[in-house]
Each structure stands twice: as structure tokens, then as C-alpha cells.
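In the working numbering, the protein residues as written are 1 to 79. Every residue, glycine too, gets a C-beta built ideally from N, C-alpha and C.
Here it is, written out as C-alpha cells:
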């Protein structure tokens, strides 16, 4: 399988889970890859774990995490 095909398969798995309402609950990286745990609050479901082997898929997950956070408003702007 080509490197792109492997990344595309992993990306589709990630996107399918996020499309079903799952969010990233944890990431554990080791020499085998990154184990990403997804959870869904409503309707409640058990955690799902994916083993991501490609660096591009790991970047995709972190992009989703960063995109989910909102910038903090500065204290000066609140005054």
C-alpha cells in the first residue's frame, strides 16, 4: 500500500469517527505509532481506539484538536 493510501485510510477513519460525534480524549505515542482514544458523550458510547501509523494522520488529529480550541481573550480586552 502506498504511503498516501495508508494515510488516506487513517484520515477517513478519523473523519468518520468525528462525523459520528466522537472527540479525541487522549493520545499516547510510542515507537509503534500513536494510539488515539475517541469518546462520544451523546449518545454515550464506549471509547474507540485507533492506532495511527502515518505521521500525516497524526498531524491531522492534532489539527482537529487545535482547530477545536478557541483563542483566549486578553485581560486588557476584557476591561
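Taking the alpha-carbon positions, what's the residue i to residue j distance?
i          : j          : result
residue 11 : residue 23 : 14 angstroms
residue 40 : residue 51 : 18 angstroms
residue 61 : residue 17 : 11 angstroms
List the residues that DSSP assigns as beta-bridge partners of residue i.
i          : result
residue 49 : 37
residue 22 : In the DSSP output, where bridge partners are listed per residue, residue 22 has none listed.
residue 27 : 36
Go to residue i, then tell me how far its alpha helix (DSSP H) extends in each direction, as first and last residue.
i          : result
residue 32 : Taken as a continuous stretch (DSSP letters only), residue 32 belongs to no alpha helix (DSSP H), as it is neither H nor E.
residue 63 : 55 to 68
Which of helix, strand or coil does DSSP assign to residue i?
i          : result
residue 44 : coil
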